[in-house]
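Following the working numbering from start to finish, the sequence shown increments by one per residue and tops out at 430.
Idealized CB from N, CA, C, for every residue including glycine.
These numbers were taken from a predicted model, which means no experiment stands behind them.
The next block holds one structure in the form of structure tokens; read it before the comments.
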Amino acid sequence: MIQVNHVSNIGILKPMNAVNNGPYGEKGRHGNYDLFKELKIPYIRNHDASLTEEYGSQHLVDVHCIFTDFSRSADDECAYDFTLTDIYMQNALEMGAEVFYRLGSSIEHWAKKYGTIMPSDFLKWAKVCEHIILHYNEGWANGYKMDIKYWEIWNEPDLDEDDSLNKRTWGGTKLNFFEFYHVVATYLKNKFPKIKIGGPALAYREDWAEEFLHQLKAPLDFFSWHIYSISPEDMVAKAIRIRNMLDKYGFIETESILDEYNYMEGWHKVPFRNSISVIKGLKGAAYTIAVFCSCQNSNIVDMLMYYDARVRKEYNGLFDSDYLEPLKTYYAFMAYSEIYSCDNQIDCISDEENIYALAAIKDNLIRMIISAYNMDATKEINIELSKTGRFQVYIIDNIRNLEKIFELHGNAFTITINPNEILFIKEI
């Protein structure tokens with residue numbers, strides 16, 4: 003049974019529907035601008051943008067792509083190439099989203115490293131970042147006043163061991179990074195006290211995170227971390243551990259931001275291929291809604307960012323790679339945007355196994371989303387509401403994409419749902 007109490011306001015809806023990266027292609031031609039805008043994405047993280055041909059490849063976002071010659075003065079505006087990053091940023095803002103700016107480098111899987119090499123001068127690197135912030139927030143170097151709030155220092159410095167011969171994300175040691183973060187975060191927060199400085203976009207190592215937090219004396223407005231899993235419950239469990247760790251070391255006000263996640267059975271051969279197939283289909287959409295519901299209901303995660311909205315990327319369950327047509331997860335995001343637009347989350351309790359549900363209220367009208375993620379068989383679910391009303395029911399299944407299937411009247415219903423289907427219920 004699912005029980006909904008419309009007078010029990012739990013709190014605001016958090017941005018569970020943020021993503022990594024923005025729209026693609028040429029406006030008016032082969033692009034997904036209009037479709038992307040309809041999703042009403044609240045935040046776009048720009049990590050790995052430089053790995054994408056449609057954005058401009060190795061000429062944008064990453065610090066070493068903007069400030070290409072580290073021997074030049076950080077104060078010299080002629081040393082910065084903002085051209086393609088400007089376009090990327092403007093496109094993101096045109097979607098109605100705010101940019102979550104990752105300072106650092108995209109991952110480098112190849113033999114020779116360029117952007118993931120440890121900077122030779124931490125303070126100078128911080129000053130370069132200062133000028134990137136000045137460009138986008140204060141108009142420096144023919145720039146903008148975008149009021150970007152979130153500035154993330156680096157990405158996944160814990161991915162490889164100190165003695166690894168192929169360090170894909172951070173060329174230095176763990177202790178090098180601790181010092182690096184201290185220098186950069188302290189400098190930037192002193193220069194821009196109103197922005198949010200954080201990181202480190204933890205790959206997976208909680209022991210590494212514990213050491214990082216234990217020694218940290220620098221500002222940490224948000225702690226960002228990643229998880230790839232098939233289980234929403236595992237994600238919530240990790241979120242609880244991260245929150246407890248932050249509180250343990252005195253970072254009680256620090257936001258916990260999960261800024262990379264997706265469905266993943268395993269990283270090698272068959273499990274990886276299976277995962278990509280799931281991501282592109284209905285089960286991937288059901289998983290995404292299950293994650294939204296689980297993280298919002300837990301009230302532990304402050305923001306959630308789907309990886310990835312880059313079209314030519316295997317992790318993208320939003321858009322088809324060839325024609326940029328919407329996939330099932332696109333419609334899942336569209337349904338959730340209706341939830342996110344509401345005034346408050348309300349009590350929604352489900353005792354059904356593998357049924358994930360979330361409800362909200364807007365203008366005293368209930369909106370609700372249900373995911374039958376990973377359910378084994380067709381099931382009838384009973385829904386009890388604390389108010390009587392008229393409700394439209396929409397479905398995402400193998401053949402329908404958020405289509406209205408029927409209307410209900412009253413305050414108690416029985417609905418049949420099949421494995422991995424998504425229902426969106428809207429009071430009118």
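How many Å lie between LEU360 and ASP164 at the Cα?
In a straight line, the C-alpha of LEU360 is about 43 Å away from that of ASP164.
ASN157 classed as buried or exposed, judged by whether at least 16 other C-beta atoms fall within 10 angstroms
Counting the other CB atoms within 10 Å of its CB gives ASN157 a total of 16 or more, which places it among the buried residues.
Output needed for GLU40: all residues of its chain with C-beta closer than 7 Å, excluding positions within five of it in sequence on either side, in chain order.
Excluding sequence positions up to five before and after GLU40, its CB lies within less than 7 Å of the CB of MET336, all in the same chain and listed in chain order.
Strand pairing of GLY412, partner residues [DSSP]
Paired residue(s): GLY391.
With SER226 and ALA241 assumed to form a contact (beta carbons below 8 Å), what rounded beta-carbon distance in angstroms separates them?
Rounded, the Cβ-Cβ distance is 12 Å, inconsistent with contact.
If we require 4 or more residues per run, which alpha helix (DSSP H) segments fall completely within the region 67-133?
Complete alpha helix (DSSP H) runs here, min 4: 85-96.
Taking GLU235 as part of the alpha helix (DSSP H), name the residues at either end of that continuous run.
Per DSSP, GLU235 belongs to the alpha helix (DSSP H) from 234-250.
Spell out a yes or no on whether the region 10-24 and the region 62-82 are touching, meaning 3 or more CB-CB pairs, one atom from each, closer than 8 Å.
Contact between the region 10-24 and the region 62-82 is not established, with fewer than three Cβ pairs separated by less than 8 Å.
Are there 16 or more other CB atoms within 10 angstroms of the CB of GLU235, so buried, or fewer, so exposed?
By the beta-carbon neighbour count (other beta carbons within 10 angstroms, threshold 16), GLU235 is exposed.
Relative to the C-alpha of ILE401, which residue among PRO159, ASN420, GLN60, ILE351 is closest?
Comparing alpha carbon positions, the residue from PRO159, ASN420, GLN60, ILE351 closest to ILE401 is ASN420.
The region 6-14 contacting the region 344-357, beta-carbon criterion three pairs below 8 Å
Touching, yes, given that three or more Cβ pairs across the two stretches are closer than 8 Å.
Need the endpoints of the beta strand (DSSP E) that CYS350 sits in, please.
Membership of CYS350 in the beta strand (DSSP E) is indicated by the continuous run 346-352.
Is the separation between the beta-carbon of LEU387 and that of ILE407 shorter than 9 Å?
Inclusion of LEU387 and ILE407 in the CB contact set at 9 Å is not warranted, their separation being larger than that value.
Where ILE398 falls: helix, strand or coil (DSSP)
Assignment of ILE398 by DSSP, reduced to helix, strand and coil, places it in the strand class.
Return yes when the Cβ of ALA94 is within less than 9 Å of the Cβ of PRO25, no when it is not.
Result yes, Cβ atoms of PRO25 and ALA94 sit closer than 9 Å.
Would you kindly work out how many angstroms separate the C-alpha atoms of LYS114 and LYS315, rounded to a whole number?
Distance between the alpha carbons of LYS114 and LYS315 is about 22 Å.
What's the C-alpha gap between ASN376 and VAL101?
ASN376 and VAL101: Cα-Cα distance of roughly 33 Å.
Tell me which same chain residues have a C-beta within less than 6 Å of the C-beta of ARG245, skipping the five on either side of it?
Here the set comprises SER258, ILE302.
Taking C-alpha atoms, which residue in LYS282, VAL186, GLU96 lies nearest to TYR35?
Ranking the options by Cα distance to TYR35, first place goes to GLU96.
Go to TRP210, then tell me how far its beta strand (DSSP E) extends in each direction, as first and last residue.
It is not in any beta strand (DSSP E) - TRP210 instead sits in the alpha helix (DSSP H) that spans 208-217.
What distance in whole Å lies between the Cβ atoms of ALA287 and LYS250, which are believed to be in contact at a cut-off of 8 Å?
Contact between LYS250 and ALA287 fails: their C-beta atoms lie close to 36 Å from each other, not under 8 Å.
Is MET433 helix, strand or coil when you go by DSSP?
Nothing can be reported for residue 433: it is not among the residues displayed for the chain, which extend from 3 to 430.
Pick helix, strand or coil for PHE194, following the three-state DSSP scheme.
It is coil, neither helix nor strand.
Within this structure, are the beta carbons of ILE398 and ILE4 separated by less than 9 Å?
Between ILE398 and ILE4, the C-beta spacing is not below 9 Å.
Look at the Cβ atom of ASP83, then the Cβ atom of HIS61, and state whether they are nearer than 9 Å.
Cβ atoms of ASP83 and HIS61: closer than 9 Å.
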